[in-house]
Amino acid sequence: MASLPVDPMASIMLLKAVDLDCVGDAVSIVAMLAVESIFYSPRDNKEKAAATRAPFVSSDGDQLMLLNVYNAYATCSPKQRFKWAKDHFINLRAMQRVDSVRDQLVRYLRQAKPDADMASSALPDTIPVRRAMVAGFFLNSATRQKSALNGTQAYHTMCLPKKEEVKVHPSSVMFMRNPAPRYVLFNELVFTSKQYIRGVVPIEKEWLVDAAPKFFTKVGGHVN
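In terms of the working numbering, the sequence shown opens at residue 25 and continues consecutively.
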């Protein structure tokens with residue numbers, strides 16, 4: 025997948041998603057992550073923008089919210105999409121780029137995996153696609169510090185050259201989640217006055233061991 029606009033980790037995620045029968049959802053998520061500036065919030069309308077996007081929020085993390093946004097967009101007819109995007113403070117041109125990236129990925133995957141179902145699902149079970157994310161992005165894993173039980177969400181990265189203390193970015197749907205998940209996957213590190221993680225998804229420790237046994241071992245109830 026070197027010629028595609030996705031990195032190797034996303035490529036692994038997609039191939040794992042084929043095995044887990046969730047490649048349609050995985051392709052949508054990867055395409056959404058490949059495009060910037062999906063959302064916009066005018067200074068004088070931030071609260072309204074947040075309220076219109078509230079139905080898309082997922083308790084299973086930021087990438088699942090992006091999937092909900094894409095699925096809602098995809099159900100609109102081409103004539104409806106301009107109004108839908110305006111009503112939800114979503115960048116229509118960005119969503120059109122998402123469609124282009126998704127179509128490109130689907131074309132490649134149909135050649136490599138002709139029997140795979142490329143349709144996005146509306147199923148409530150997000151475990152398969154989150155497991156596919158772990159397969160590709162396990163290096164972007166973090167474990168909660170003991171001091172984070174009250175929702176302050178201090179984490180340690182698990183696979184960077186040295187363990188970094190990070191916090192969930194305020195823009196994440198996982199910000200101030202209480203109780204905070206024990207293990208999370210993140211899409212990017214953001215360095216400001218503090219180190220933040222963005223694009224955060226809750227995961228299970230067993231998924232890390234299954235995805236990368238050379239990197240993770242289960243000791244007692246924890247993963248190292």
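Glycine included, each C-beta is placed from N, C-alpha and C at the ideal position. The structure presented is a predicted model; accordingly, all values stated were derived computationally and were not measured.
Comparing C-alpha positions only, which one of the options sits nearest to residue i?
i    : options                   : result
N115 : S65, V30, A235 and S196   : S65
V93  : G85, R77, Q104 and K107   : R77
I151 : A34, N164, S83 and Q169   : S83
D112 : V54, Q128 and V81         : Strictly speaking, residue 112 in this sequence is His, with Asp absent from that position. For H112, the nearest C-alpha among the options comes from V81.
H180 : Q219, A140 and V59        : Q219
N202 : L184, V225, K186 and Q177 : Q177
M198 : R168, C183, K186 and E188 : R168
F240 : V192, C183 and D149       : C183
S195 : D49, F63, E188 and G48    : F63
A236 : D139, L133, L163 and K137 : L163
Classify residue i as buried or exposed, calling it buried when 16 or more other Cβ atoms lie within 10 Å of its own Cβ.
i    : result
F161 : buried
F210 : buried
S61  : exposed
P79  : exposed
F106 : exposed
M200 : exposed
P205 : buried
R117 : exposed
S165 : buried
F215 : exposed
A41  : buried
D86  : buried
L109 : Here the sequence assigns Ala to residue 109, which means Leu is not the residue at that position. Looking at its Cβ environment, which holds 16 or more other Cβ atoms inside 10 Å, A109 is buried.
Q135 : exposed
Q120 : exposed
A75  : exposed
R126 : buried
In whole angstroms, what is the alpha-carbon distance linking residue i and residue j?
i    : j    : result
P32  : A143 : 22 Å
I227 : L88  : 12 Å
K70  : C100 : 24 Å
K103 : N95  : 16 Å
L44  : A156 : 7 Å
R222 : P138 : 34 Å
Would you mind giving the Cβ-Cβ distance between residue i and residue j, rounded to the nearest angstrom? I have them listed as a contact below 8 Å.
i    : j    : result
V250 : V51  : Past the boundaries of the shown model lies residue 250; the chain is included only from 25 to 248, so the question cannot be answered.
L232 : V158 : 6 Å
L90  : I53  : 6 Å
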